[in-house]
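The numbering of the sequence shown is our numbering, which starts it at 1 and goes up by one.
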Amino acid sequence: MKIVDLTHIISERMPVYPGTEEPKLEVVNTYDKNGFKETLLTMFSHTGTHMDAPAHIFDKKTSLDLFPVEQFVGKALVIDCSDLKEGGKITIKYIENVKEKADEAEFILFRTGWEELWGTEAYFGEYPHITEEVADYLIQSKKKGIGLDTISVDCISDENLILHKKLFAETEIVVMENLTNLKKVGSGLFTLCALPLKYENADGAPIRAIAILEDR
1 MKIVDLTHII SERMPVYPGT EEPKLEVVNT YDKNGFKETL LTMFSHTGTH
51 MDAPAHIFDK KTSLDLFPVE QFVGKALVID CSDLKEGGKI TIKYIENVKE
101 KADEAEFILF RTGWEELWGT EAYFGEYPHI TEEVADYLIQ SKKKGIGLDT
151 ISVDCISDEN LILHKKLFAE TEIVVMENLT NLKKVGSGLF TLCALPLKYE
201 NADGAPIRAI AILEDR
């Protein structure tokens, strides 16, 4: 068995969505003064590698704390879209190329290679994004979730969040953004664990996402 960490580390210098404040990690208790160390974490709920709930967009939809924990674990597939250039679209052909495995998977993760730009301004540029046809496939096949190695399922210029709205209006799905190390997973099915912080009315939360690869 092999475990791959799909999660970016949270730090005060990490990339955040444009207009969002960076996280603060303030040491408030120290070994010298208090005999132990304790850190006050201050950050937005959609910081770093994180998960969006339907309640992120719609106030009557499900928040992360109300999902059964089974929602966050399941069979997953990474689909390689790293041939796409800036502004490219992840079309249904990428799914059709691996249709049998895609149909079997509960989570579809798209590897664009954009994670290599993490920490640069280019990360917030015209990254590849899915089409509405791909969103329709995810909805119709009742997937538990979608994940990408980019900052959003929508393109950076779409202030209306069309794809977020489409996915969350029509199904109970979760969206994972800012994944990393997808290239280390390979092209086979694997077990994904993506566990969000459990707080009340969670519209989104940082996750610790891992891939569990059986011996192949």
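Beta carbons: idealized from backbone N, C-alpha and C, even for Gly. Computed from a predicted model, the values in this text were never measured in an experiment.
Spatial distance of Gly204 from Val134 (CA atoms): Within the sequence shown, numbered from 1, the residue matching residue 204 stands at position 204. Within the sequence shown, numbered from 1, the residue matching residue 134 stands at position 134. Distance from the CA atom of Gly204 to the CA atom of Val134, rounded to whole angstroms, is 22 Å.
(message) Which residue wins for smallest C-alpha separation from Glu170, given the options His50, Asn34, His46, Lys61?
(response) If you number the sequence shown from 1, residue 170 lands on position 170. Out of His50, Asn34, His46, Lys61, Lys61 has the C-alpha closest to the C-alpha of Glu170.
Original post:
If you drop the 5 nearest sequence neighbours on each side, which residues of the same chain put their C-beta closer than 6 Å to that of Leu117?
Top reply: As a working note, residue 117 is residue 117 in the sequence shown. Within the same chain, and ignoring the five residues on either side of Leu117 in sequence, the residues whose Cβ sits closer than 6 Å to its Cβ are Tyr123.
* Which two residues bound the contiguous beta strand (DSSP E) that contains Glu172? -> As a first step, residue 172 must be located in the sequence shown, where it is residue number 172. No beta strand (DSSP E) holds Glu172; DSSP gives it neither H nor E.
Measure the alpha-carbon distance for Phe110 versus Lys75 and round it to whole angstroms.
For this step, residue 110 is matched to residue 110 along the sequence shown. For this step, residue 75 is matched to residue 75 along the sequence shown. Cα to Cα, the separation comes out at about 14 Å.
**Prompt:** Quick one, are the C-beta atoms of Ala202 and Leu64 less than 8 Å apart?
**Reply:** By 1-based counting over the sequence shown, the position of residue 202 is 202. By 1-based counting over the sequence shown, the position of residue 64 is 64. It is a contact, given that the beta carbons lie within the stated cut-off.
Give the range of the beta strand (DSSP E) segment to which Asp158 is assigned.
Translated into the one-based positions of the sequence shown, residue 158 becomes position 158. Counting along the chain, no beta strand (DSSP E) covers Asp158, and no H or E run does either.
Can you tell which of Lys166, Asp80, Leu66 has the C-alpha that lies nearest to the C-alpha of Tyr199?
For the purposes of this step, residue 199 is taken as the residue at position 199 of the sequence shown. Of the listed residues, the one whose Cα sits closest to Tyr199 is Leu66.
| field | Cα-Cα separation, Leu41 to Pro206 | value | Taking the sequence shown and counting its residues from 1, the one referred to as residue 41 is at position 41. Taking the sequence shown and counting its residues from 1, the one referred to as residue 206 is at position 206. Taking the straight line joining both Cα atoms gives about 12 Å.
| In or out: Ser11 buried (at least 16 other Cβ within 10 Å) or exposed? | Counting from one through the sequence shown, the residue named residue 11 turns up at place 11. With fewer than 16 other Cβ atoms within 10 Å, it is exposed.
| task | Within 10 angstroms of the Cβ of Tyr94, are there 16 or more other Cβ atoms? Answer buried if so, exposed if not. | result | Translated into the one-based positions of the sequence shown, residue 94 becomes position 94. With 16 or more other Cβ atoms from the protein chains shown falling within 10 Å of its own Cβ, Tyr94 counts as buried.
**Item:** Rounded separation between Asn34 and Leu25 - CA only
**Value:** Taking the sequence shown and counting its residues from 1, one reaches residue 34 at position 34. Taking the sequence shown and counting its residues from 1, one reaches residue 25 at position 25. One alpha carbon belongs to Asn34, the other to Leu25, and they sit about 18 Å apart.
* Asked: Between Asn178 and Thr49, is the Cβ-Cβ spacing less than 8 Å?
  -> Numbered from 1 along the sequence shown, position 178 holds the residue referred to as residue 178. Numbered from 1 along the sequence shown, position 49 holds the residue referred to as residue 49. Cβ distance < 8 Å, so Asn178 and Thr49 count as in contact.
Using the three-state DSSP reduction, which class does Asn201 fall into: helix, strand or coil? Numbered from 1 along the sequence shown, position 201 holds the residue referred to as residue 201. Looking at Asn201 - three-state DSSP - the assignment turns out to be coil, as it is neither helix nor strand.
Item to complete: Give the secondary structure of Ile210 by DSSP, where H, G and I count as helix, E and B as strand, and everything else as coil.
Response: Here residue 210 corresponds to residue number 210 of the sequence shown, with the count starting at 1. DSSP places Ile210 in strand when its eight states are reduced to three.
Next on the checklist: Quick check on Glu172 - is its C-beta less than 8 Å from some C-beta in chain E?
Outcome noted: Absent from the structure is chain E; it holds one protein chain and no more.
| The beta strand (DSSP E) enclosing Glu132, as first and last residue numbers | As a working mapping, residue 132 is identified with position 132 in the sequence shown. Following the DSSP letters along the chain, one finds Glu132 in no beta strand (DSSP E) but inside the alpha helix (DSSP H) bounded by residues 132–140.
query = Which one of Glu100, Cys81, Leu213, Trp114 has the shortest CA to CA distance from Thr131?
reply = Residue numbering aside, residue 131 sits at position 131 when the sequence shown is read from its first letter. Among Glu100, Cys81, Leu213, Trp114, the Cα nearest to that of Thr131 belongs to Cys81.
Notebook entry, point to check: Measuring CB to CB, does Ile146 end up less than 8 Å from Ile173?
Noted result: Mapped onto the sequence shown, residue 146 falls at position 146. Mapped onto the sequence shown, residue 173 falls at position 173. A distance below 8 Å separates the beta carbons of Ile146 and Ile173.
task: Compute the distance between the beta-carbons of Ile156 and Gly125, then report whether it is under 8 Å.
output: For the purposes of this step, residue 156 is identified with residue 156 of the sequence shown, where counting begins at 1. For the purposes of this step, residue 125 is identified with residue 125 of the sequence shown, where counting begins at 1. Contact flag set, yes.
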